[in-house]
Structures are given as structure tokens and as C-alpha cells.
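Structure, as C-alpha cells:
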Amino acid sequence: MSFQKDLDRGSGEVLRLELSEFKGRKLFNIRIWYQDKESGEYRPTAKGVTIRPDQFEAFKQAILEAEPEVHQALQE
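Counting with my numbering, you get residues 9 to 84 for the letters of the sequence shown.
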């Protein structure tokens, strides 16, 4: 898998979007990772969601549908 994008959350945390594989199944993960203080490496937390390939298009469409309302709510 090759896609990975980290969004900095501060305090040694990132929101990571990535393609991964688990037990031979390809998955899209959105998960919070934290930076281990001893090693400096990022490690996953249990906080997040995993989206199967057959769910990805519906997920993407839901985000697109929510976008105008999210923008409006953030401007209020």
C-alpha cells in the first residue's frame, strides 16, 4: 500500500489517513496515532475507523454531501 497522509493534531498526535492491508484485505484507515516518547515513532491508537473498499465510494459521497453544511457551521 502506498497512500499515507498525516494531519497534525498537536501534542504528539496525528490523524493518519492510509491504505493498509490486514489478513489479505485492503482497507482505508482514518486513525489517531501518537508519538512514543521513548522511541519517537508513531503508534496507532484504537481511536479511528476502518473503511472496506466496498464502502469507500459511499463514504466519499457522504463527505461531499456534508461539506456545505460543515463549511457553514464553521463560519458561524
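Beta carbons are placed, not taken as given, at the ideal position from N, Cα and C, and that holds for glycine.
Nothing here was measured: the structure is a model prediction, and the numbers come from that model.
A check of alpha carbon separations from G56 across W41, S28, K34 identifies W41 as the nearest. Collapsing the DSSP output to three states places K68 in a helix.
The distance from the Cβ of L23 to that of L35 is about 16 Å, inconsistent with a contact at the 8 Å cut-off. Of R17, G20, E75, S28, the smallest CA-CA separation from S10 is found for S28. CA-to-CA, the gap between F30 and Q63 works out to about 16 Å.
With contacts defined as CB atoms closer than 9 Å, K13 and E26 qualify as a contacting pair.
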